[in-house]
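Read left to right, the sequence shown gives residues 1 to 596 (the UniProt record's numbering). Structure, as structure tokens:
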Amino acid sequence: MQQTYNPTWDLDVIFPGGSDSEAFRTYLKDIQKDKETFSAEVEAFTPEDGNVEAEQLTGVVNELESVMKKLREASAFISCLSAQDVTDEKASLLVGKRSELRAELDAIMSKFVQKLVAIEDTTWVTLLQHDGLAELSFVLNEYREQAKELLSVEQEVLINDLGVDGYHGWSQMYDTIVGKMTVEVEEDNKVKSLSVGQASNKLGHPDRKVRKAVFDKLGEAWKEQSALFGQTLNHLAGFRLQTYKHRNWKSVLKEPLAINRMKQETLDAMWTAISNNKKHFVKYLEKKADLLGLEKMSMYDIGAPLTNTVKKSSYTEASKFIVDHFGKFSPKMADFAQMAFDKRWIEAEDRAGKRPGGFCTSFPDSEQTRIFMTFSGTSSNIATLAHELGHAYHQHVMNDVNGLNQRYAMNVAETASTFAEMIVADASVKNAQNKEEKIGLLEDKIQRSVAFFMNIHARFIFENRFYEERKEGLVSVNRLNEIMVEAQKEAYQDALDEYDPNFWSSKLHFHITGVPFYNFPYTFGYLFSLGIYAAAKEQGENFEDAYIELLRDTGRMNVEDLAMKHMNVDLTKPDFWEDAIQLCVKDVEEFIEFTQ
Numbered sequence: 001m002q003q004t005y006n007p008t009w010d011l012d013v014i015f016p017g018g019s020d021s022e023a024f025r026t027y028l029k030d031i032q033k034d035k036e037t038f039s040a041e042v043e044a045f046t047p048e049d050g051n052v053e054a055e056q057l058t059g060v061v062n063e064l065e066s067v068m069k070k071l072r073e074a075s076a077f078i079s080c081l082s083a084q085d086v087t088d089e090k091a092s093l094l095v096g097k098r099s100e101l102r103a104e105l106d107a108i109m110s111k112f113v114q115k116l117v118a119i120e121d122t123t124w125v126t127l128l129q130h131d132g133l134a135e136l137s138f139v140l141n142e143y144r145e146q147a148k149e150l151l152s153v154e155q156e157v158l159i160n161d162l163g164v165d166g167y168h169g170w171s172q173m174y175d176t177i178v179g180k181m182t183v184e185v186e187e188d189n190k191v192k193s194l195s196v197g198q199a200s201n202k203l204g205h206p207d208r209k210v211r212k213a214v215f216d217k218l219g220e221a222w223k224e225q226s227a228l229f230g231q232t233l234n235h236l237a238g239f240r241l242q243t244y245k246h247r248n249w250k251s252v253l254k255e256p257l258a259i260n261r262m263k264q265e266t267l268d269a270m271w272t273a274i275s276n277n278k279k280h281f282v283k284y285l286e287k288k289a290d291l292l293g294l295e296k297m298s299m300y301d302i303g304a305p306l307t308n309t310v311k312k313s314s315y316t317e318a319s320k321f322i323v324d325h326f327g328k329f330s331p332k333m334a335d336f337a338q339m340a341f342d343k344r345w346i347e348a349e350d351r352a353g354k355r356p357g358g359f360c361t362s363f364p365d366s367e368q369t370r371i372f373m374t375f376s377g378t379s380s381n382i383a384t385l386a387h388e389l390g391h392a393y394h395q396h397v398m399n400d401v402n403g404l405n406q407r408y409a410m411n412v413a414e415t416a417s418t419f420a421e422m423i424v425a426d427a428s429v430k431n432a433q434n435k436e437e438k439i440g441l442l443e444d445k446i447q448r449s450v451a452f453f454m455n456i457h458a459r460f461i462f463e464n465r466f467y468e469e470r471k472e473g474l475v476s477v478n479r480l481n482e483i484m485v486e487a488q489k490e491a492y493q494d495a496l497d498e499y500d501p502n503f504w505s506s507k508l509h510f511h512i513t514g515v516p517f518y519n520f521p522y523t524f525g526y527l528f529s530l531g532i533y534a535a536a537k538e539q540g541e542n543f544e545d546a547y548i549e550l551l552r553d554t555g556r557m558n559v560e561d562l563a564m565k566h567m568n569v570d571l572t573k574p575d576f577w578e579d580a581i582q583l584c585v586k587d588v589e590e591f592i593e594f595t596q
């Protein structure tokens, strides 16, 4: 009898009892104790007196690693609880508790990193040669350099404390509103009440009338709440801008670039290469419009299938497909994916009450991960599942790395995920049963390029312009809609007929506090992974260990050094980006040839 996989996750193996878990409440108390121990260690650490012992600094750093790991573990559990059931009020309370704990730890961290600045430079170099500190030299140097650009300890602590109910509070308000939203959609002559995540899955329907109806219904739902979302977005941005002003940070990209350990020159080189090659993807959009019998496509047509027969796969079929094809590049990654399915590390059930979107979250203390998504059987869903498994595998190969070196940036986090997605996308095209299916799957692959080069670019353009206007005061909902459409027209080279003015309110990433400008890391990861994928096909069996070593370095190097060490490429120059984009251009050329 063929094995089938359960599409719901098992959280009880980590903390039994869900949001009522006594074990989890005990764990939270342990975090509180560890945090107090870390705080005491920081208070006792007085480099300003001129006495700095490597053993004492090692002790402080070890306490930091312990409390960080536990807080990440607790944070991951809370994320899972709040995502699986948006009506779980106890989970919502835990989200608030998480913000408090993070702010308290950030306050202690502010004191610690500013004490590092007090250490004389030559002493600092000597300290980092100590056995317990050498492996952490990149992260500790990063802490020290960033601390030099912060305000006083008292001011930074105040910002963190006010951020709990200010900055992070606005983000939580957004999540609460979205969690309660429903969309009434007619299906099989019945009106169904769907979550926004379930409704969004319908935008891939083969019938344009259905897509248009769902797009309009979603638009109405987002528009109805736009006054509230306008408040959340404006106040999130306002909090950031005030913080930047007091720190004397001139560019709104300073923080996201630092978080992503990336130079402005790299970001500029990437977007320049993309802009220079957009004509190829405009040609694809025009060709698809022609195939759909349209003069121009609208936003809701981009994900439309080119045939009325859309291949659907069961969760079990998708799981087996992913494992099989991971194995052709990396047997270790295939074994990991198999374990994730067997042990029910994935929540993929298509049901109401879940938050929209997908994510992978890490439990570093348990050395486990969990994946969240809504699986309805489309090829896009299979790609998303592979994408999140790529994230999970990235964490898996870092489980034995020091916790401080596990904190890799978002752009390289998206590298492992899009590499995994690429494996499955290519395999799907190669395994197509006929020409029609091959065209559909190739087109699905190109859609990802369009998403990274155009949709993500629109988000980046929007945020840049919004922040510039926000510096002058609150930005109205009408103006937010205008900026959004302007950004989409520019990013898509005016190749569409109808755009989505509500996108700024419907896209969670604009309202996340953890990572500002959570857009360009996706495009970076996509193109960087293309380079890795090309190397994988060239190296064959020799690839796997080299790939794992690259992943293990992602938390202890900036991206330019990472690329130079493992791929011998200079990311600040356009050559790498141009070469990576040409791989995507080949897909477009093949698609146009197939559809002549």
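Think of the CB as a built atom: it goes at the ideal place given N, C-alpha and C, for glycine as much as any other residue.
Neighbourhood of residue i by C-beta, 6 angstroms cutoff - its chain only, sequence neighbours within 5 removed
i, result
"Ile456", "Asn519, Tyr522, Thr523"
"Met1", "Residue confidence is low: Met1 scores 49 on pLDDT, short of 50, so the model does not pin down where it sits. Its coordinate-derived value is still stated next. Contacts found: none."
"Asp500", "Met299"
Local Cβ density within 10 Å of residue i, reported as buried at 16 or more and exposed below that
i, result
"Ser314", "exposed"
"Lys288", "buried"
"Leu292", "exposed"
"Gln488", "buried"
"Ala273", "buried"
"Phe363", "buried"
"Asn405", "buried"
"Phe372", "buried"
"His566", "buried"
"Val13", "exposed"
Euclidean distance between Cα positions of residue i and residue j
i, j, result
"Glu36", "Glu43", "10 angstroms"
"Ala147", "Asp268", "26 angstroms"
"Phe15", "Ser200", "32 angstroms"
"Phe543", "Ala580", "18 angstroms"
"Ser19", "Leu81", "7 angstroms"
"Gly96", "Gly197", "24 angstroms"
"Phe336", "Phe326", "10 angstroms"
"Trp271", "Arg465", "16 angstroms"
"Thr369", "Ala348", "14 angstroms"
"Pro206", "Lys180", "28 angstroms"
"His394", "Glu295", "43 angstroms"
"Asn277", "Thr266", "17 angstroms"
"Lys312", "Glu437", "12 angstroms"
"Met333", "Ala352", "31 angstroms"
"Leu11", "Phe77", "8 angstroms"
"His130", "Ala54", "7 angstroms"
"Glu142", "Phe453", "31 angstroms"
Helix, strand or coil at residue i [DSSP, three-state]
i, result
"Glu544", "helix"
"Ile259", "helix"
"Glu367", "coil"
"Met1", "Unreliable positioning characterises Met1 in this predicted model, as indicated by a pLDDT of 49, which lies under 50. The coordinate reading is nonetheless provided below. Coil."
"Lys70", "helix"
"Glu142", "helix"
"Leu496", "strand"
"Leu551", "helix"
"Ile177", "helix"
"Lys190", "strand"
"Thr87", "coil"
"Glu286", "helix"
"Ala557", "According to the sequence provided, residue 557 is Met. The question's Ala does not apply to it. DSSP places Met557 in coil when its eight states are reduced to three."
"Ile483", "helix"
"Glu295", "coil"
Pick from the options that is closest to residue i, judged by C-alpha positions
i, options, result
"Tyr167", "Arg102, Asp85, Ala348", "Arg102"
"Arg577", "Arg247, Phe528, Asp587", "According to the sequence provided, residue 577 is Trp. The question's Arg does not apply to it. Considering only alpha carbons, the answer is Phe528."
"Val477", "Ser99, Leu228, Gly204, Glu89", "Leu228"
"Ile483", "Asp497, Val95, Asn502", "Asn502"
"Ser380", "Ala409, Gln231, Pro305, Thr176", "Pro305"
"Leu194", "Ala221, Asp88, Thr8", "Ala221"
"residue 615", "Gln231, Asp88, Ala420", "No answer is possible for residue 615: the residues shown for the chain start at 1 and end at 596."
"Thr572", "Val153, Met262, Arg72, Ile177", "Met262"
Own chain, CB closer than 7 angstroms to residue i, minus 5 neighbours either side, in chain order
i, result
"Gly169", "none"
"Gln447", "Ile302, Gly303"
"Val282", "Gln493, Ala495"
Other residues of its chain near residue i: CB distance less than 8 angstroms, five sequence neighbours each side excluded
i, result
"residue 600", "Within the shown structure, residues of the chain are numbered from 1 to 596, placing residue 600 beyond reach of any answer."
"Phe45", "Gln56, Leu57, Val60, Phe112, Lys115"
"Asp575", "Val569"
Any chain C beta carbon closer than 8 angstroms to residue i
i, result
"Glu100", "Note that chain C does not occur in the displayed structure, where there is just one protein chain."
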